[in-house]
Structure formats: structure tokens, C-alpha cells
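Structure first, then comments.
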Amino acid sequence: MIDQVASWIDGAQRVVVLTGAGISTDSGIPDFRGPQGLWTKNPLAEKMSNIHYYLADPEVRKLSWQNRLASPAWTAKPNAGHLSLVTLEKRQKLHALITQNIDELHQIAGNSPELVVEVHGTMRSFMCWGCGMRGPMQKVLERVRAGEPDPRCRDCGGILKSDTISFGQQLVPEVIDRAMRVAGEGDLFLSVGTSLQVYPVAGAVDIARAAGAKIVIVNAQPTPFDDVADAVLDAPISEVLPQICGTREKK
């Protein structure tokens, strides 16, 4: 099946990729819902990801800032899976890269920022809930390191958070619209490392199918779309993507 999928990609002109947390686990960033996932092992972590708890409880915010300081994403490097998608772009086959991830490892690996659609934002920026000001996250983390447990906006005094979409927070309509639009423009849709349980992003699979694209799913656990996919690969992402995206050693 790996050879079959590789041949489909060879023949494709517009590959649309959707990535989730699973592509970054080999870079040392744990996923959320897997057996070793953040929320599986620590239910409080899911609470910190809920905007209502975050805004209402200073203790949740203080813990969140400590978690941001200690995040493995700051030292993480792109892995073979990320680099394979750069190869796909260099082959001029990558039409768009929709990602649920907030680590920016796709851009760090070398994918063009204009091709990356970050539906959940980026942890590398902060935003003020009060006035909407944004800036580099490291600026606020420096304040936390200096002893501010729950830093406030210096412009309006509002609550600061990472510039990411928390549970209970509205998605950015323009970003979601773009993700759904590009999903319908490809001739092959490759879903990598996502459980395909979170909507509206999971709906991109239906849009791609309706447009006639082949559907390929690469994920360790089953997804709700496995039955309608043209191929399902449950082997390790860092091993599979190099083989199907063109970085294979030619025999």
C-alpha cells in the first residue's frame, strides 16, 4: 500500500495535507489524545486549554504560564515527517498545508509560510484578550521568568494568553474558510497524525472527497474516516512520509 500511495502522489498535481499533533511526537512534543497524550495522562492539562477556565481562574493561568515556559516545543527540531512535506513542496506538488499544530515546525522545516494554514494559531506569539495586541511570546515569557506569575497587558491591563485557539474560543472565520476552500482544490488529500475528531477541521476530509480527491490517512489510531479513505497507513509517520513523499531511496 505504501508503494501504491507513493505512485498516487507521483501522479498528483495538487496535494493538500492536513497535519495534527501526531506528526510532531517524534520531535519530542506529546500529542493530546494518544495513549501517552497530554490530556490522557493529565486531565488538568485539558482544563488549562479551556478558555473559560483560563479567563476565570488566576491559578489556571499561573500554571499555564509555567507550562509554556517548560514546553518541549521551544527546543524541538523538525523530524523526517516534517522534512518530507518540504520535499513535497520542492517537487511542486504541495498545494496547501493545513495544520492543527501550534509549534510552527512546518515553517522551521522549510515549508513556505504562505502555504501553511494554521487553524489553531501559534504558540510563538501572545495575544491580549482585552485589546487584541499581539507580539512575540518570548517577550512575555521573559516577564514570567523574572517573577510575574500572571503577566498582564502593558497597554490595557488585559489577560494575556498564547495566540492559539483554546477550547471554547471561536475559530478565526477567515482561516477556517481558507482551510475548507483549499481542501476542495486538491486531487489528493493526505491526513497525517490527526484523530480527525475535531470539527470543523475534520470536515475538510468530506470536502476533499466531494471534490474527487483521493483520501490517504496516516495515523497510529483509527479515525472516523478510515472506512471512506482510499488508503490508511498506521505505520510510524517519520518512516511512512519519507517513503510516500518522494524521499525514498530508489532501488
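Last residue of the sequence shown? That's 256 in the numbering used here, and every number before it is there in order. All C-beta atoms, glycine included, are put in the ideal place defined by N, C-alpha and C. What you are looking at is a predicted structure, and each value in this text was computed from that prediction instead of being measured.
In whole angstroms, give me the CA-to-CA distance for residue i and residue j.
i	j	result
T45	P35	Unreliable positioning characterises T45 in this predicted model, as indicated by a pLDDT of 49, which lies under 50. The coordinate reading is nonetheless provided below. Whole-angstrom Cα-Cα distance: 11 Å.
A216	E109	29 Å
V180	E123	7 Å
D160	P63	19 Å
I249	I14	7 Å
A225	M142	32 Å
L74	R148	11 Å
V223	A151	43 Å
I242	I107	18 Å
R19	D155	45 Å
C158	C133	6 Å
A236	L120	24 Å
Q71	S12	46 Å
I103	A61	31 Å
I220	V206	15 Å
Helix, strand or coil for residue i? Go by DSSP, reduced to three states.
i	result
L93	helix
I7	helix
P141	strand
A114	helix
G126	strand
S76	coil
K67	helix
E82	Sequence inspection shows Lys at residue 82; the Glu mentioned does not correspond to that position. Correct three-state label for K82: coil.
V22	strand
A236	strand
R150	helix
Given a cut-off of 7 Å, decide if residue j and residue i are closer than it, judged by their beta-carbon atoms.
i	j	result
V197	I7	no
Q105	G25	yes
G140	F131	yes
P77	I113	no
V21	H100	yes
Please classify residue i: is it buried, with 16 or more other beta-carbons within 10 angstroms of its beta-carbon, or exposed?
i	result
D168	buried
V91	buried
D232	exposed
Y59	buried
D239	exposed
R186	exposed
K166	buried
S117	exposed
Residue i lies in the alpha helix (DSSP H); which residues open and close that run?
i	result
I220	Here I220 belongs to no alpha helix (DSSP H); instead the beta strand (DSSP E) covers K219 to V223.
S243	I242 to I249
I181	P178 to A188
I103	Here I103 belongs to no alpha helix (DSSP H); instead the beta strand (DSSP E) covers L99 to T104.
L60	I56 to A61
Along the chain, where does the beta strand (DSSP E) containing residue i start, and where does it finish?
i	result
D211	It is not in any beta strand (DSSP E) - D211 instead sits in the alpha helix (DSSP H) that spans G208 to A215.
T169	L165 to T169
S262	Nothing about residue 262 can be reported from this structure: the residues present for the chain run from 6 to 256 only.
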